[in-house]
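Student:
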Amino acid sequence: MIAIQESPARTAHDPELARGGRFKVLEGTDKYHRFVVIEFPSLEQAVACHDSRAYQEASARRKQGAAGEVALIIVEGGDATPT
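Count along the sequence shown from 1, then add 92; that gives the number in the working numbering.
Below is the structure:
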């Protein structure tokens with residue numbers, strides 16, 4: 093986790109809204125036990141962060157360390173309900 097916390101891919105795109113802490117699964121399985129929520133100015137910038145060399149290097153180190161299964165989901169904010 094240290095590599096991604098200190099990587100330019102991560103620090104260039106703050107603020108971090110939530111990391112760790114208590115949670116309660118109300119529906120579905122409790123497959124994951126650690127969550128991080130980071131806000132980006134746009135969906136495109138979130139994808140660019142993921143695709144950046146710095147993030148990909150940190151991701152490769154995480155995978156080598158067998159950190160377990162990871163799900164990475166990007167959600168566009170705001171009211172996305174069609175009118």
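We treat Cβ as the ideally placed atom computed from N, Cα and C, and that holds for glycine.
Because the structure is a prediction, the values reported are computed rather than measured.
Among 130, 155 and 119, which has the Cα closest to the Cα of residue 169?
Tutor: Taking the first residue of the sequence shown as 1, we reach residue 169 at position 77. The option with the nearest alpha carbon to residue 169 is 130.
Student: From residue 118 to residue 150, what does the alpha carbon distance come to, in whole angstroms?
Tutor: Here residue 118 corresponds to residue number 26 of the sequence shown, with the count starting at 1. Here residue 150 corresponds to residue number 58 of the sequence shown, with the count starting at 1. Their Cα atoms are separated by approximately 32 Å.
Student: To the nearest angstrom, how far is the alpha carbon of residue 93 from that of residue 164?
Tutor: The residue you call residue 93 lines up with position 1 of the sequence shown. The residue you call residue 164 lines up with position 72 of the sequence shown. Residue placement at residue 93 is poorly supported in this model, since its pLDDT is 40, which falls under 50; the coordinates still yield a value, given next. Each residue's Cα considered, the two are about 15 Å apart.
Student: Mapping the DSSP letters down to three states, classify residue 153 as helix, strand or coil.
Tutor: Counting from one through the sequence shown, the residue named residue 153 turns up at place 61. Correct three-state label for residue 153: helix.
Student: Does the Cβ of residue 35 have 16 or more other Cβ atoms within 10 Å, making it buried, or fewer, making it exposed?
Tutor: This structure cannot speak to residue 35, because the chain is shown only from 93 to 175.
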